[in-house]
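So for the sequence shown, the working numbering puts the first residue at 2; every next one is plus one.
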Amino acid sequence: MLQIYDLKTEYLSNPMGLDELRPRFSWKLKSDKIGVMQSDYQIVAYSSGKVIWNSGIINSSESQYIRYEGAELVSRQQVSWKVSLTTTDESGMKESAHSEIAHFEMGLLHPNEWTAKWIEPEADVVYDERKPAPYLRRTFEVKPGLQQARIYQTAHGIYEFWINEMNGTEDKFKPGLTSYYTRLQYQIYDITALLREGMNSWAVMLGDGWWRGVTGGTVKNNFGYKLHYLGQIELTYENGEREVIGSDESFKCSTGGLVASDMLMGDIYDARQEAPEWKSHWYDDSSWKQVHCTTDHTDTRLIASNSVPVREKEHFTARPFRDSAGQLVIDFGQNIAGYVKMKLKNCKSGQEIRLTHGEDLKDGCFSLDNIRDTPLLISAFQEVVYTCSGSVEEEYCPLFSIFGFRYVLVEGYEEEIHEGDFVAVAVYSDMEETGSFTCSNPLINKLVQNSLWSQKGNFMDVPVDCPTRERNAWTGDAQIYVRTATDFMNVYSFFEKWLKDLTLEQYASGKVGITFPSTSSVHNPQELERNIKDNPLWTLAGPIGNGSIGEDSAGWGDAAVWIPYMIYLCYGDKQILINQYETARKWVDYMLACAKDPNPLYEQDPQYFHYEEGELDANYIFDTRMHYGEWLEPITKKDTGESVAEAIMRMRTHGNPRVATAYMYRSAENVAHMAQILKKKEDYRKYKKIAERICKVYDKYLIGDDGVIEPGHQAAYVRVLAMNICSEDKRSKVVKQLIQEIENNDYRLNTGFLSTPFLLHVLVDCGYPEVAFRILEQTENPGWLHAVLLGSTTILEKWDGMDRHHGSYNHYSYGAVCDFLFSRVAGITPLFESPGYREFELRPVPGGTLTYAEAIYESLYGTIRSRWEQTESGLNYECSVPVNTRARVYLPNGQCISVGSGDYNFYS
């Protein structure tokens, strides 16, 4: 039977608040037949009972990214759509089906439709002190005959809102992080069911958030000093009347129990100061002050939210115990990003309860040492300090703070803890989980779960490095991990939104920041001026400034190219390339310009004397600027006594030509391919020629005739092989050197940050799968399973993190190894020639101690499954191919079979 399911608009299910005038439609198909392909479809869209688009019957198998082509969409418009289609199976039999109805609603498309005013609840503020959360409220009347009600709102800071004391949404940390000076998201919610005829209340709280809270571990007031709110309620009555109630001087403001709130530092809350009924319409607010209107940064473009919301997800039960110091500690069993909902009993008025959130036990004692391994300017963070009101039972949950933790130190509370008194809640962007991997090695299975949890813990509206000390949206981490991110979750809209801010904050030179929206540079010019003496490395964020130190870094800036390139491979939507092409091209041009700057340290090298076609070979070696390179390479280095400042100066003067030139080549090659896909013929020829020249020069000067590149460093060889940047004459020699380096290191990796994700892939490609499995399965440090043996529940920043109790315990980047499990061990691999898994390979690689492995991936077209098992009689292989796709199945005997949709079994 044929079934149409999972209808989406702009990659979202029934979204409310779009500003895309030609939204993308998609659906999936199920069938019990074999080899089923869609042969035609017809979309019909309705609004206000009228057809606004009938596509007619389109003879096409396309079921993704189909653009709306109907009448022009307008603000607030509610649209329903459905699809009818026909399929044909491998026997030629046709079958038809009709979908259920999907919906979407447009936002406010024109600035003049915002009749509300930006309001400012704070008067003078002390820039460097923590500040109480502003409370705002007003009442309004609803007349009889209400048909529907919507609220449109945003903030400078983050906000929560209540209508008649009821929280208006389950979304968290709104409006999300964007390049606030250029674009600011707003949200739309249906509040019809929350209203009643007569008097109603509208209450709002504001938190510091990314606007003025601590970002990047050290930056405060990144965008401004005061918090602001903009909100607009629109009431539609049965008689057609629309009434607009907007934020203006009719709002009143005060403060309450939330004495201070910061996403990183945490909450200070005094329950004695909280008026319990302040959100109600009958509350007496005569002592509250009137807000005033503001024009501070109000010229920013307002955009409807275009990614998945942040939500509360998994909940974890408390396991209290006394640590070796006798302190009360709660173990929640899983390292997460989130917060604790607590229920306190029998506390006295004024009694102070302190929750400190951490990741580690050191010598059996609660410890923050691993996340204090940083030059933070704050003395305490990740804390909730709660002062009790004296009620028999009190409850508290942070609204504007989020922490990275497994353990919580509880101070000031001695009551017995029962189930439900303390509950940890994971909070992250509500992305659909799409992938799972299991095998016969339980340590690998745990590694997979740890990687997924690190993705959850760090993908909160933007992808940050860790949820504890820094929370920087590092470009390097994201480009390393993006391929794996697509295995575990549907991250298309998440990355599409984030990359648009990369474009907005790209510097005029083409340079790409190491974080964005930047927390390594400062957006607020006044804050920069205030702190430049104490923080001489601070600079103004893009696009006006020129970036902080390291903003030139290859492998980080290349996120501008690699992330959209991988997103296109995994989802097949050209829109991501259209959005990001110019940004990617400008970054490549910037690298080429840097390469043309001579480095005096290398000017006597042969590349500075040899010309080809009128250009120096040295112009194609990126030997200038500062690069982080193979960050955290696990190689013991001699103590030279070099200070941090001296190390930075050395990195700036010496450059890192082997790393930087390799990435310049890869990005040029990627941009050439993007140009080809987008039919930019001149650009394709230009960047293809540039890439070929870089490759030739790299092979000539940076790889020895004997294949030696950088003795003692596996990364140098992995990089060259992964990027295919050596000649055929040298390739076998480079492979030989890599294997020798691995043997010299007792089959343990010593690759750094950039090359570790490619190590196992390269070994399989070069004919050494057993070496790959040996490295994967070994449990000594450095290695992926070492931390698993020590009890980790997420991916560590440093291989020896739990041995030495240093570095973050929740850093997702090394979890990139999981793509090897999905795409090599299980063999599920997308193809550029038919991206988005429209056609894909199933080419499993059995090996190591594994007796079976299975991966399941929910693609845009449906479920792909790949499972192999070693039996006494040979290898048993099972796979599932979704409707409307084809797979190339590669069997261990070398045979390749092309199959359509269905379930298959193969024996050998």
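Virtual Cβ for every residue (Gly too), placed ideally from N, Cα, C. Predicted, not measured: the structure shown is a model, and the values here were computed from it.
Straight through space, the alpha carbons of F496 and P24 are spaced by roughly 17 Å. Under the three-state reduction of DSSP output, T388 falls in the strand class. Excluding residues up to 5 positions away in sequence, T318 lie with their Cβ nearer than 7 Å to the Cβ of E420 in the same chain. In the DSSP annotation of this structure, the continuous segment of the alpha helix (DSSP H) that includes E744 starts and ends at 729-745.
DSSP places R844 outside any beta strand (DSSP E), giving it a letter other than H or E. Relative to the Cα of D90, the nearest Cα in the group V900, F907, Y908, Q605 belongs to V900. F382: not part of any beta strand (DSSP E); DSSP gives it neither H nor E.
The continuous stretches of beta strand (DSSP E) do not include H812, and DSSP gives it neither H nor E. For C254, no alpha helix (DSSP H) run applies; the uninterrupted beta strand (DSSP E) run containing it begins and ends at 253-255, by DSSP. Here W54 is not near Y42, since their CB atoms are 8 Å or more apart. Rounded to whole angstroms, E123 and L228 show a C-alpha spacing of 7 Å. Given a length threshold of 4 residues, each whole run of the alpha helix (DSSP H) inside the region 773-827 is given here in chain order: 785-790, 802-805. Assignment of beta-bridge partners to C440 by DSSP yields A854. Look at the region 110-160 and you find these whole runs of beta strand (DSSP E), each 3 residues long or longer: 136-143, 147-157. The three-state reading of DSSP puts D904 in strand, counting E and B together.
Between S248 and G232, the C-beta gap is smaller than 8 Å, which places the two residues in contact. Counting along the chain, the unbroken beta strand (DSSP E) around R323 starts and ends at 320-323. Per DSSP, the unbroken beta strand (DSSP E) holding A427 starts and ends at 423-430. A residue is called buried when at least 16 other Cβ atoms come within 10 angstroms of its Cβ; S32 meets this threshold and is buried. If you compare the alpha carbons of I568, L30, T219, H111 with that of W539, the shortest gap goes to T219. Within the same chain, Cβ atoms closer than 7 Å to the Cβ of H787 are found at T780, E781, W800, the five residues on either side in sequence being excluded.
One alpha carbon belongs to L593, the other to Y182, and they sit about 30 Å apart. Cβ neighbours of V735 within its own chain (closer than 8 Å, five residues either side excluded): I704, G708, I710, Y718, V721, L722, C727. Rounded to whole angstroms, the Cβ separation of W785 and V818 is 6 Å, and the two are in contact under 8 Å. A check of alpha carbon separations from H293 across W119, K701, R302 identifies W119 as the nearest. The region 495-555 is shown to contain whole alpha helix (DSSP H) runs of 4 or more residues at 526-532, in chain order. The region 273-287 makes no contact with the region 142-158, as fewer than three CB pairs between them are under 8 Å. Residue state for N671 is assigned as helix, using DSSP reduced to three classes.
For M38, the closest alpha carbon among the candidates S92, Y230, G436, I564 is that of S92. G816 has its alpha-carbon roughly 21 Å from the corresponding atom of S494.
Around S97, the same chain offers T87 as residues with beta carbons nearer than 6 Å, after the five sequence neighbours per side are excluded.
A direct Cα-to-Cα measurement between K34 and S881 gives close to 12 Å. In this structure the region 381-393 does not lie against the region 292-309, because fewer than three pairs of beta carbons, one per stretch, are closer than 8 Å. Comparing alpha carbon positions, the residue from P176, I192, E239, E198 closest to G208 is P176.
When the beta-carbon positions are compared, N877 and Y905 stay at least 8 Å from each other. Unbroken beta strand (DSSP E) stretches of 3 residues or longer found wholly inside the region 631-659: none.
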